[in-house]
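In what follows, a structure is listed as structure tokens, so that the remarks can point back to it.
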Amino acid sequence: MRGRRSLASAALATAIALTATGAAVAQEPITIGYSIARTGIYAAAAPSQENPYKLWQKQVNAAGGLELPDGEQRPVEFVSYDDQSNPANTVRIYEKLITQDEVDLLAAPWGTPMHLALAPVLQRFKMPMVGNTAASVQLRNVAPGYIWFPTSAIPDAMGAELAKMMQAEGVKSAALLANELPYSQEFRSFLIPALEEAGIEVMVDESYPPDIKDMTSMLVEVRDAAPDAVVAMTYPSDAFLFAGQAKELGIEASFVMSLIGPTIDAYRKANGSAVNGMVSSAHWSPEAEDWPRGQAFFDAYVEEFGEEPDALDSALAYMSLEILQQAVAEAGLEPEALRDEIASGTFDTINGEVRFEGVQNVVTPTGFVQIQDGKIELVWPESVATADFAPKQGW
């Protein structure tokens, strides 16, 4: 009798162990790999991308995990490395993620140079990735199929739209200051002819190195020229410098733009009311009527991180994972099936509907935002605007 009980107990224990093992297998994490510029020249911008990744992961796991086509849900784990703001490091890291870490999915690094360097790697290993913080007409030269770009902030479209906006606000003359990094210079190359076509005179046209420490001489030239508009094609680090020194020198213009940087929460906290009226590049707002899920993302981000999301990079980073999540739910983890789904699907995001033709999002409008009373408002185009443009009233 004792032997039969022992056998029965052993069988029960084995069954429980097998059940537990089965449950463990069912809950095996889905791994998502990426690199990020935690150090180097782009480090100031990286948190605005990585924080949305962390928020999305927390939300997905709290809801039971990433859903697969059969309804199974599995938790998400990230595998990430610092690329030190170096595209060559980005290439090596993603090769490692694919071949050594054997991650299931990929998320994007920060910045256009990283995406462009990475595109051939994705093509070679046939691993799909939804990009986010990248914008360049060069993206259209990337072979379609394994990388996509949700942003509408492509320099040729931006140049044309900004000229239209400036013309609509009565701007007759402009001063241009451009960081020598590729994105700023590309935007400048399209903006200048667009301004000329709009009848807006370019009175100052200066470029400066990425590590600039003093803009005084350029800004004195701008002040003496007294244009209606000042367009500074900044990255985050020099955006702070431009705002501080433009205030010190009393730059007077009714239209002032800083390309990248003002949408970061820390920028407004550091500069206060001085940057009210500053225009910047972004095409998302939590308050846009046509994008009802935007406010929920905004509120969750503020609760999680104690600051507002970047209206450009944070929105794009979260969008890229929304697209990936919806594609996985339809196609699963097999790379070719996932590639086909992303290439052909229509996705519901915090920035509205997204659909790709080739590598580019063809739905989201190119837009610009403005700081008004310390708040980011979408002011262009009128079809999605949350507020009217307000001329800058000093510093």
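Residue numbers (the numbering used here): 14 to 408. By construction, the Cβ of each residue, glycine as well, lies at the ideal position given by its N, Cα and C atoms. Keep in mind that this is a model prediction, so the values were computed, not measured.
A distance below 7 Å between beta-carbons, with the five flanking residues on each side excluded, links Glu302 to no residue of its chain. In this structure, DSSP gives Arg87 an extended state, which the three-state scheme calls strand. With respect to the 9 Å criterion, Met332 and Val376 are not classified as neighbours on the basis of their beta carbons. If you check the CB distance, Ile167 and Gly144 do not come in under 9 Å.
Here DSSP, grouped into helix, strand and coil, assigns Trp304 to coil. Straight through space, the alpha carbons of Thr103 and Met127 are spaced by roughly 6 Å. In the displayed model, Asp323 falls within coil according to three-state DSSP, outside both helix and strand. Here Met178 really is in contact with Trp393; their C-beta atoms are around 5 Å apart, less than 8 Å. Under the Cβ criterion (8 Å, minimum of three pairs), the segment 246-262 counts as touching the segment 183-196. Between Glu90 and Ile45, the CB-CB gap stays under 9 Å. Contiguous alpha helix (DSSP H) elements confined to the segment 95-134 occur at 100-112, taking only those with 4 or more residues.
If you look at Lys388, you'll find it in the beta strand (DSSP E) that goes Lys388 to Trp393. Non-local beta-carbon contacts of Met140 in its own chain, meaning distances under 7 Å to residues more than five positions away in sequence, involve Ile111, Leu119, Tyr159 and Pro348 in chain order.
For Tyr47, the uninterrupted beta strand (DSSP E) segment begins and ends at Ile43 to Ile49.
Between Ile264 and the set Arg281, Arg137, Pro240 and Phe311, the nearest pair of CA atoms involves Pro240. In the displayed model, Ser93 falls within a strand according to three-state DSSP. Excluding its 5 nearest sequence neighbours in each direction, Gln308 has C-beta neighbours in its own chain below 6 Å: Pro299, listed in chain order. Just so you know, the alpha carbons of Ser98 and Thr125 end up roughly 11 Å apart. The residues Asn64, in chain order, have a CB closer than 7 Å to that of Phe318 in the same chain once the five nearest residues on each side in sequence are set aside.
Bridge partners of Phe162 according to DSSP: Gln373. Annotation for Val292: no alpha helix (DSSP H) segment contains it, though the beta strand (DSSP E) segment containing it runs Met291 to Ser294. Look at Phe200 here: in three-state DSSP terms it is helix. Ala59 has its alpha-carbon roughly 15 Å from the corresponding atom of Glu321. By alpha-carbon distance to Gly172, the top candidate from Gly183, Phe381, Ala344 and Gly78 is Phe381.
The segment 232-239 makes no contact with the segment 145-154; the number of CB pairs closer than 8 Å stays below 3. DSSP places Thr362 in the uninterrupted beta strand (DSSP E) bounded by Thr359 to Thr362.
Annotation: the continuous alpha helix (DSSP H) that includes Asn284 extends over Asp278 to Asn284. The criterion of a C-beta distance shorter than 9 Å is not satisfied by Gln373 and Ala403. Looking from the CA of Ala252, the closest CA among Leu272, Ile205 and Pro206 belongs to Leu272. Distances from the alpha-carbon of Gln62 to those of Ala330, Lys109 and Lys260 put Ala330 closest. Note on geometry: alpha-carbon atoms of Ser93 and Arg105 lie some 12 Å from one another.
Counting only runs of 4 or more residues that sit fully inside the segment 197-281, the alpha helix (DSSP H) segments are 229-238 and 249-262, in chain order. Per DSSP, Ser61 is not a residue of any beta strand (DSSP E); the alpha helix (DSSP H) it occupies stretches across Pro60 to Ala75.
Within the same chain, and ignoring the five residues on either side of Asn74 in sequence, the residues whose Cβ sits closer than 8 Å to its Cβ are Pro88 and Val89. The straight-line gap separating the alpha-carbon atoms of Gly345 and Gly77 is approximately 16 Å. Rounded to the nearest angstrom, the gap between the Cα atoms of Ala176 and Arg306 is 30 Å.
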